[in-house]
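Protein chains in written order, with my numbering: chain A, 1 to 214; chain B, 1 to 214.
For every residue, glycine included, the Cβ atom is placed at its ideal position computed from N, Cα and C.
Written below as structure tokens is the structure these notes are about.
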DNA sequence: CCCTGCTTGTGAACAATTTCACAAGCTCTA
DNA sequence: TAGAGCTTGTGAAATTGTTCACAAGCAGGG
């Protein structure tokens, strides 16, 4: 019954990635210290993060790698398959679909949608690009719960509204604009321009100092 | 002399985007309330964020759109041109380079690098893909301060080490792996798999509840 | 010029997250 | 069985980030 911080979930995801590595290499146990070093955090943080969900470790020994991997997969909801709709048959969507970790983690592309008549009907990975207008009908049939929004900012909100109305319950937004959704829908936004501007800020204001404008 | 939170910088970036919009539309002033609604935050947050850098508003009126736009550009270091190296001539790099906000904000692609002999020498946007081996020599010549890492996880750290040694001072990492850099180098990581897993978690554990494992 | 209505700027209160510090507990050895 | 050496799990403290609440200040009207 406890709220889990977003940052915690992101770290869990990272723990999982490295535990999988260790597991493949046959390592039996890993200490919070080892995990912390791999993931660039602190041992205390690792222990606290995991403790929200149970006691998975053995004192004096560390965490059993294989078991913890399974627990994390379950916590993150990765034992099942997630169908993913990709909205926008451009470079970003292609990058995502090509990414092999995508499928390894149980995410499969259920469909690709675009407005551009030149793209509609073209093969795209293992799918065929479908017209945006088919969204609603397809959704009723397939019931894909996650949508990746990889279209320009203009019109993004309108597409989101359609997705939400059609029953999508989670959206990963790459459009560089603010999107609003009803509270029962989960939204995450990734904004590449924003990240670059963060770097620009850091380079311009070394050490994050306030230059005292006036 | 005050530390600025990462979240604050991201919001500044968002304020700038919407202020530019308002400015193009000829709007003279904007209140913290209006900005907050556009950006999905609170008026108090807007005022606090801006107050770290000065007093840009007029009480009773709001903020002068055009002026504040200029101030934010300066704060974020966007009056100058930033040269960006793209490491990895794949889909992600292409998505970034294609993105029009990229150039609008003063980021220009200074070079694209890849190891794949099939890609080296090919035209790529307005650049020509160069071999990874040319990195060091080119950097001495061009001195590009920002690098975008769009290569697989394997070998990412090695490439980063080379970039750092060659004088790169900011890195935007899309490789799904933990990267370490010396303290004088700025690093931001974007991990698409992690974001999707965050959605999976949210869908699996509605309301972010602790299911009380045992 | 004074009053009303509105909006900023900001210290102080609050909330969330991270770090600390240490008791509890496991394994191995003798 | 007792003791040494580790490492977990977790309340409490510290730190970091957000929200509140209100005095200060500007514009416009009478």
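Per-residue burial, residue i [other beta carbons within 10 Å of its own, 16 or more giving buried]
| i | result |
| --- | --- |
| residue 100 of chain A | exposed |
| residue 72 of chain B | buried |
| residue 212 of chain A | Summary for residue 212 of chain A: the model assigns pLDDT 35, below 50, so the residue's position carries little reliability; its value from the coordinates is reported in the next sentence. With fewer than 16 Cβ atoms within 10 Å of its Cβ, residue 212 of chain A is classed as exposed. |
| residue 91 of chain A | buried |
| residue 49 of chain A | buried |
| residue 15 of chain A | buried |
| residue 98 of chain B | exposed |
| residue 6 of chain A | exposed |
| residue 135 of chain B | buried |
| residue 61 of chain B | exposed |
| residue 123 of chain A | exposed |
| residue 170 of chain A | buried |
| residue 190 of chain A | buried |
| residue 44 of chain A | exposed |
| residue 197 of chain A | buried |
| residue 93 of chain A | buried |
| residue 13 of chain B | buried |
| residue 103 of chain B | exposed |
| residue 264 of chain A | Since the first and last residues shown for chain A are 1 and 214, residue 264 of chain A lies out of range. |
| residue 193 of chain A | buried |
| residue 214 of chain B | The pLDDT assigned to residue 214 of chain B is 28, lower than 50, so where the model puts this residue is not dependable; a value taken from the coordinates is nonetheless given after this. With fewer than 16 Cβ atoms within 10 Å of its Cβ, residue 214 of chain B is classed as exposed. |
Cross-chain neighbours of residue i in chain A, by beta carbon under 7 Å
| i | result |
| --- | --- |
| residue 9 of chain B | 198, 201 |
| residue 138 of chain B | Within 7 Å Cβ-Cβ: nothing; residue 138 of chain B doesn't reach chain A, min ~20 Å. |
Minimum C-alpha distance to residue i - residue among the options
| i | options | result |
| --- | --- | --- |
| residue 163 of chain B | B/153, B/138, B/205, B/152 | B/138 |
| residue 36 of chain B | B/59, B/24, B/11, B/167 | B/11 |
| residue 195 of chain A | B/44, B/63, B/76 | B/76 |
| residue 199 of chain B | A/173, A/177, A/191, A/51 | A/173 |
| residue 180 of chain A | B/38, B/25, B/21, B/4 | B/38 |
| residue 69 of chain B | B/114, B/81, B/18 | B/18 |
| residue 41 of chain A | B/192, B/178, B/189, B/203 | B/178 |
| residue 23 of chain A | A/65, A/3, A/203, A/51 | A/65 |
| residue 53 of chain A | A/26, A/4, A/27 | A/4 |
| residue 157 of chain B | B/167, B/176, B/144 | B/176 |
| residue 107 of chain B | B/43, B/121, B/114, B/81 | B/81 |
| residue 117 of chain B | B/165, B/131, B/204, B/78 | B/131 |
| residue 110 of chain A | A/141, A/161, A/95, A/133 | A/141 |
| residue 27 of chain B | B/204, B/63, B/96, B/13 | B/63 |
| residue 115 of chain A | A/105, A/79, A/152 | A/152 |
| residue 167 of chain A | A/143, A/104, A/205, A/95 | A/143 |
| residue 74 of chain A | A/193, A/9, A/154 | A/9 |
| residue 21 of chain B | A/46, A/112, A/21, A/154 | A/154 |
| residue 201 of chain A | B/25, B/67, B/78, B/203 | B/78 |
| residue 112 of chain B | B/95, B/89, B/203 | B/89 |
| residue 51 of chain A | A/25, A/95, A/2 | A/2 |
Partner residues on chain B for residue i, Cβ-Cβ distance less than 8 Å
| i | result |
| --- | --- |
| residue 131 of chain A | In chain order: nothing, as chain B lies at least about 22 Å away. |
Chain-ordered chain A contacts of residue i [CB-CB under 8 Å]
| i | result |
| --- | --- |
| residue 76 of chain B | 197, 200, 201, 204 |
Under 9 Å from the C-beta of residue i: neighbouring residues of chain B
| i | result |
| --- | --- |
| residue 146 of chain A | 196, 199, 200, 203 |
| residue 143 of chain A | Under the 9 Å cutoff, chain B gives no residues; its nearest Cβ is about 13 Å from residue 143 of chain A. |
7 Å Cβ cut-off: residues of chain B touching residue i
| i | result |
| --- | --- |
| residue 49 of chain A | Simply none; closest approach about 12 Å. |
Proximity test, residue i beta-carbon vs the ligand SAM heavy atom, cut-off 8 Å
| i | result |
| --- | --- |
| residue 167 of chain A | Only the bare structure without any ligand can be found here, which leaves the ligand SAM out of the picture. |
- Query: Are the region 183-193 of chain A and the region 116-130 of chain A touching by the rule of at least three beta carbon pairs closer than 8 Å?
  - Reply: no
- Query: Name the residues in the region 162-194 of chain B whose C-beta lies less than 7 Å from a C-beta of chain A; which are they?
  - Reply: 169, 170, 172, 176, 178, 180, 186, 188, 190, 192, 193, 194
- Anything in the region 84-97 of chain B with a Cβ closer than 8 Å to a Cβ of chain A? List those residues in chain order, please. 84, 90, 91, 92, 94, 95, 96
- Listed in chain order, which residues of the region 99-129 of chain B have Cβ atoms closer than 7 Å to some Cβ of chain A? 99, 101, 102, 105, 107
- According to a CB-to-CB cut-off of less than 9 Å, which residues of the region 15-42 of chain A neighbour chain B? 16, 17, 18, 38, 39, 40
- Query: Any chance the region 24-43 of chain B sits against the region 55-62 of chain B, with 3 or more Cβ pairs inside 8 Å?
  - Reply: Because the criterion of three Cβ pairs below 8 Å is met, the region 24-43 of chain B and the region 55-62 of chain B touch.
- Query: Do the region 143-154 of chain B and the region 79-91 of chain B touch if we need at least three Cβ pairs shorter than 8 Å?
  - Reply: yes
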